[in-house]
Amino acid sequence: MLNTLRPDPTFHPSARLAMEAPAELIAYTVLLSPDRSRPDALAVVDVDPQSAAYGTVIHRLVMPHSGDEFHHFGWNACSSVLSPLSGHAFLQRRYLVIPGIRSSRIYIVDTQPDPRAPVLVKTIEPDELLRKTGYSRPHTVHCGPEGIYISTLGGAGPDGTQGPPGVFVMDCENFEILGRWEIERGPQKLHYDFWWNLPRDYMVSSEWGLPPQFESGIVAEDLLAGKYGHAVHFWNLRERRHVQTIDLGANHQMALEVRPAHDPAREYGFLGVVVDTANLEGSIWTWYRENGRFRIRKSATIPAESADAGRLPALLKGFGAVPPLVTDIDLSLDDRFLYVACWGTGELRQYDVTDPMKPTLAGSVRVGGIARRTAHPNGRTVGGGPQMTEISRDGRRVYFTNSLYSSWDDQFYPDGVPGVQLMCKVGAGGGIELDPAFCVDFGPHYRAHQIRLQGGDCSTDSFCYPSA
Amino acid sequence: MNTAALWLAVVGLGLYHGLNPAMGWPLAVANGMAERRAGAVFATVLPLGGGHAMAIAVALAPFAWLGWYLEWSRAIRTGAGALVLLFGLYKLARPRHPRMLARIPPGRLAWWSFLMATAHGAGLMLVPFMLGLCAAPAPGMAAGAGAAATGHAGLMGQLARANLDTALLVTAVHALASMLAGLGMAWLVYRHLGLRFLRRTWFDLDAVWGASLALAGAAGIALAW
Numbered sequence: 001m002l003n004t005l006r007p008d009p010t011f012h013p014s015a016r017l018a019m020e021a022p023a024e025l026i027a028y029t030v031l032l033s034p035d036r037s038r039p040d041a042l043a044v045v046d047v048d049p050q051s052a053a054y055g056t057v058i059h060r061l062v063m064p065h066s067g068d069e070f071h072h073f074g075w076n077a078c079s080s081v082l083s084p085l086s087g088h089a090f091l092q093r094r095y096l097v098i099p100g101i102r103s104s105r106i107y108i109v110d111t112q113p114d115p116r117a118p119v120l121v122k123t124i125e126p127d128e129l130l131r132k133t134g135y136s137r138p139h140t141v142h143c144g145p146e147g148i149y150i151s152t153l154g155g156a157g158p159d160g161t162q163g164p165p166g167v168f169v170m171d172c173e174n175f176e177i178l179g180r181w182e183i184e185r186g187p188q189k190l191h192y193d194f195w196w197n198l199p200r201d202y203m204v205s206s207e208w209g210l211p212p213q214f215e216s217g218i219v220a221e222d223l224l225a226g227k228y229g230h231a232v233h234f235w236n237l238r239e240r241r242h243v244q245t246i247d248l249g250a251n252h253q254m255a256l257e258v259r260p261a262h263d264p265a266r267e268y269g270f271l272g273v274v275v276d277t278a279n280l281e282g283s284i285w286t287w288y289r290e291n292g293r294f295r296i297r298k299s300a301t302i303p304a305e306s307a308d309a310g311r312l313p314a315l316l317k318g319f320g321a322v323p324p325l326v327t328d329i330d331l332s333l334d335d336r337f338l339y340v341a342c343w344g345t346g347e348l349r350q351y352d353v354t355d356p357m358k359p360t361l362a363g364s365v366r367v368g369g370i371a372r373r374t375a376h377p378n379g380r381t382v383g384g385g386p387q388m389t390e391i392s393r394d395g396r397r398v399y400f401t402n403s404l405y406s407s408w409d410d411q412f413y414p415d416g417v418p419g420v421q422l423m424c425k426v427g428a429g430g431g432i433e434l435d436p437a438f439c440v441d442f443g444p445h446y447r448a449h450q451i452r453l454q455g456g457d458c459s460t461d462s463f464c465y466p467s468a
Numbered sequence: 469m470n471t472a473a474l475w476l477a478v479v480g481l482g483l484y485h486g487l488n489p490a491m492g493w494p495l496a497v498a499n500g501m502a503e504r505r506a507g508a509v510f511a512t513v514l515p516l517g518g519g520h521a522m523a524i525a526v527a528l529a530p531f532a533w534l535g536w537y538l539e540w541s542r543a544i545r546t547g548a549g550a551l552v553l554l555f556g557l558y559k560l561a562r563p564r565h566p567r568m569l570a571r572i573p574p575g576r577l578a579w580w581s582f583l584m585a586t587a588h589g590a591g592l593m594l595v596p597f598m599l600g601l602c603a604a605p606a607p608g609m610a611a612g613a614g615a616a617a618t619g620h621a622g623l624m625g626q627l628a629r630a631n632l633d634t635a636l637l638v639t640a641v642h643a644l645a646s647m648l649a650g651l652g653m654a655w656l657v658y659r660h661l662g663l664r665f666l667r668r669t670w671f672d673l674d675a676v677w678g679a680s681l682a683l684a685g686a687a688g689i690a691l692a693w
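The listed protein sequences derive, respectively, from chains A and B.
What the first sequence shows, in our numbering, is residues 1 to 468, in sequence order.
What the second sequence shows, in our numbering, is residues 469 to 693, in sequence order.
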């Protein structure tokens, strides 16, 4: 990769400076073929309101293999490169690292020279990942000290259950897999998301389930038996050592997304829990550090909504209710608004988290949903519900897709989840509203998962300087 | 090159090292901002300066010790110059940055500063100039008659001590200049210029740094002859 003489202009020392950067013009969205009949793809979406192609797919990079199931992805380099400890800020935010969660294959896509027509430059085959790390099912991608960190959901063996999943490190210039990140993993056995506070030197990781618990769909018996992940782990980042586990209680099934405050001077963050098996509610938790120890508190709950059994899929008929299913959360760069995707009820919530211990509901939109099936303001019916959420750097636009994971989509939304990408506009003091003019249609054969914004967004970049 | 010019080079290299963001002043800015007090900027510069000084001393001491082989003086100085020159050329040819250093915990600043300066060859850059200063006659050393009375071994012992003293003095003067330059930059950014300045002015100095090493090495060889 070409080194630059100056830091990439999309790297920002603090979250506040990132908020002042120019608005995004392009979004990259991963598309998956739910029946694995076609190769997955990366869609380039025009999000420039001045463009004639606004809200449409302007390019589609189709991968050479099928069956990858794209889920999460990330940049080779982000604002964390400006860490004063790295001493070297001269990389480019240029390559997208796209793992296939089902195939364990990893694609490296170059967004230069034409960001509107990215090209595939390298493919890392699953056996290389397995040989060098013992991990499979690569998932979350973050740029950090030493290179690219990628979490995995599976260990070795055909079903990914031989050995625990974890995090591995990849070189951010030649994309060689360097090996496992953990030196001492403590009791950690499951994985999902991870993120960190770089200057404070800690990492937080969460739990979903092992591949047999998600690849063929949700395992209802495991869910009711409390066998999905329900703990959050804290790590010493540079020493690569597990330091603390907090168990949320077995009824809090699937502790998924981890969103630390962007300002590294603030030592707290949020965690979304998909479902409480006791009452089907979803919840938001706030973790914080006090006298060197991490603590966590349930800070918001979202109740299930009762529904006519006739409108419910087999999995939920017996309950007569729809769980909100908090499958994604995202925090604006000013650490003020937390967006909570309730994929089951078809609601996107905006919480004011100025006081992180007392999130207050500031806005809400509805689209899709298992029982409600709310139409988009443009009249279109939408399968699924608000799912992977991405906030613009300035916090004024919130983009989201509607698919969770192919086999789970089919269980909760048997009528199908044709891929769409929608957008909410955010009021100056809060409040959200769906933009009727923005509805990207990816066609009936593809579903859409995570979105990345050109120049960075609210779930990729980590900052090393306070916003003060 | 006369003694004054050599000392000027030592001070100049100190300012140059201190101003290079890779040697750590952005850490002082970040700590000041995180703690929201100016004192944290100053407190951070101390371990950074200490680590830098250690890295310089560790590189200079062996060469100072070798310096008492007066009869081999030219060969030692040429060899040292060639070593620095080659290290500079290596840095130019292979610009990859030692990313391992980003793994050191932010709390171990002196250790980080020591390793960062060592990896960059900060101490090596000073070797040719220090050897120039070692060769300069120290008070009481030049008189052959006085030395003869104490014998050859005594003279050599005196020389070795004097050269080590010179190395320590070079280290102290250089590190002080480096600390003051770093502190100045950190303070300006923390107090007046803000983080925008950091983004605007952070240039990749790796090539310049490699060239500086090569230049210092060449100067060392030239000084020996």
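All C-beta atoms, glycine included, are put in the ideal place defined by N, C-alpha and C.
For chain B, is any of its Cβ atoms less than 7 Å away from the one on residue 60 (chain A)?
Not an interface residue.
Give me the residue from B:693, B:516, B:667, B:588 with the minimum Cα distance to residue 577 (chain B).
Ranking B:693, B:516, B:667, B:588 by Cα distance to residue 577 (chain B) puts B:516 first.
So, are the CB atoms of residue 13 (chain A) and residue 265 (chain A) less than 7 Å apart?
No, these two residues do not count as a Cβ contact at 7 Å.
Residue 670 (chain B) touches chain A at which residues, Cβ-Cβ below 9 Å?
Correct list: 6, 7, 82, 89, 90.
Pull the bridge partners of residue 447 (chain A) from the DSSP assignment, please.
In DSSP, residue 447 (chain A) forms a bridge with A:32.
So, does the CB of residue 176 (chain A) fall closer than 7 Å to a CB anywhere in chain B?
Not one chain B Cβ lies under 7 Å of residue 176 (chain A).
Quick one, which residues of the region 199–223 of chain A are near chain B if we go by CB-CB under 9 Å, in chain order?
For the region 199–223 of chain A, which is checked against every Cβ of chain B, the residues closer than 9 Å are 199, 200, 201.
Under 8 Å between beta-carbons, which chain A residues line up against residue 501 (chain B)? List them in chain order, please.
Result: 265, 465, 466, 468.
Give the interface partners of residue 666 (chain B) over in chain A, defined as CB-CB distance under 7 Å, in chain order.
Neighbours of residue 666 (chain B) on chain A, chain order: 13.
Less than 8 Å between C-beta atoms, sequence neighbours within five positions excluded: which residues of the same chain meet that for residue 572 (chain B)?
The answer, listed in chain order, is 579, 580, 583.
Can you check whether the CB of residue 398 (chain A) is closer than 7 Å to the CB of residue 391 (chain A)?
Result yes, Cβ atoms of residue 391 (chain A) and residue 398 (chain A) sit closer than 7 Å.
If you measure between the beta carbons of residue 597 (chain B) and residue 474 (chain B), is that distance less than 7 Å?
Yes; because the gap between Cβ atoms is below 7 Å, this pair is in contact.
Report the partner residues of residue 401 (chain A) according to the DSSP bridge assignment.
Answer by DSSP bridge pairing, in chain order: A:421.
Give the DSSP-derived three-state secondary structure of residue 484 (chain B) in the structure shown.
Residue 484 (chain B) falls in the helix class under three-state DSSP.
Quick one: using the 10 Å Cβ neighbour count with 16 as the cut-off for buried, is residue 540 (chain B) buried or exposed?
Exposed: under 16 other Cβ atoms inside 10 Å.
Rounded to the nearest angstrom, what separates residue 448 (chain A) and residue 426 (chain A) at their Cα positions?
Computed Cα separation, rounded: 22 Å.
So within the region 346–392 of chain A, which uninterrupted beta strand (DSSP E) runs reach at least 3 residues, ignoring any that extend past its ends?
If we require 3 residues or more, the beta strand (DSSP E) runs fully inside the region 346–392 of chain A come out as 347–352, 360–366, 389–391.
Alpha carbon to alpha carbon, how far is residue 546 (chain B) from residue 671 (chain B)?
Straight-line Cα distance between these residues: approximately 32 Å.
Answer with yes or no whether the minimum CB distance from residue 659 (chain B) to chain A is below 7 Å.
Residue 659 (chain B) does not count as touching chain A.
Output needed for residue 418 (chain A): all residues of its chain with C-beta closer than 6 Å, excluding positions within five of it in sequence on either side, in chain order.
Cβ within range, chain order: 383, 444.
Going along the chain, which residues of its own chain have a beta-carbon closer than 6 Å to the beta-carbon of residue 566 (chain B), five neighbours each way excluded?
If we look at residue 566 (chain B) and ignore the five residues flanking it on each side, its Cβ neighbours are 587.
Just how far apart, CA to CA, sit residue 506 (chain A) and residue 47 (chain A)?
Summary: the structure shown does not reach residue 506 (chain A), with chain A confined to residues 1 through 468, and so no result is reported for it.
Could you have a look at residue 287 (chain A) and say whether DSSP puts it in helix, strand or coil?
In this structure, residue 287 (chain A) counts as strand in the three-state DSSP scheme.
Under 7 Å between the Cβ atoms of residue 356 (chain A) and residue 436 (chain A)?
Result no, Cβ atoms of residue 356 (chain A) and residue 436 (chain A) do not sit closer than 7 Å.
Roughly how many whole angstroms lie between the Cα atoms of residue 122 (chain A) and residue 257 (chain A)?
Rounded to the nearest angstrom, the two C-alpha atoms are 28 Å apart.
Considering just the uninterrupted stretch of the alpha helix (DSSP H) at residue 526 (chain B), what are its terminal residues?
Taken as a continuous stretch (DSSP letters only), the alpha helix (DSSP H) holding residue 526 (chain B) covers 506–534.
For chain B, find out if any of its Cβ atoms is closer than 7 Å to the Cβ of residue 238 (chain A); answer yes or no.
Judged by the 7 Å Cβ criterion, residue 238 (chain A) is in contact with chain B.
Which residues in the same chain as residue 242 (chain A) place their Cβ atom closer than 7 Å to its Cβ, once the five residues preceding and following it in sequence are excluded?
184, 185, 186, 188, 233, 235.
Whose C-beta lies closer than 6 Å to the C-beta of residue 634 (chain B) among residues of the same chain, with five residues either side of it excluded?
These residues qualify, in order along the chain: 601, 602.
Just to make sure I have the definition right: I need the residues of chain B whose C-beta is within less than 8 Å of the C-beta of residue 17 (chain A). Which are they?
Near residue 17 (chain A) (Cβ distances below 8 Å), the residues of chain B are 663, 664, 667.
Would residue 647 (chain B) and residue 487 (chain B) be called neighbours here (beta carbons separated by less than 7 Å)?
Cβ distance not < 7 Å, so residue 647 (chain B) and residue 487 (chain B) don't count as in contact.
Should residue 114 (chain A) go down as buried or exposed, given a rule of 16 or more other Cβ atoms within 10 Å for buried?
Exposed is the call here.
Along chain B, which residues have their Cβ under 7 Å away from the Cβ of residue 333 (chain A)?
The contacting residues do not exist; residue 333 (chain A) stays about 14 Å from chain B at best.
Please identify the residue among A:440, A:410, A:368, A:456 whose C-alpha is closest to the C-alpha of residue 394 (chain A).
Of the listed residues, the one whose Cα sits closest to residue 394 (chain A) is A:456.
Taking CB distances under 7 Å as the criterion, tell me whether residue 146 (chain A) reaches chain B.
Answer yes: the Cβ-Cβ gap between residue 146 (chain A) and chain B drops below 7 Å somewhere.
Could you pull out every residue in the same chain whose Cβ sits closer than 7 Å to the Cβ of residue 199 (chain A), ignoring the five residues on either side in sequence?
So the qualifying residues of the chain are 264, 464.
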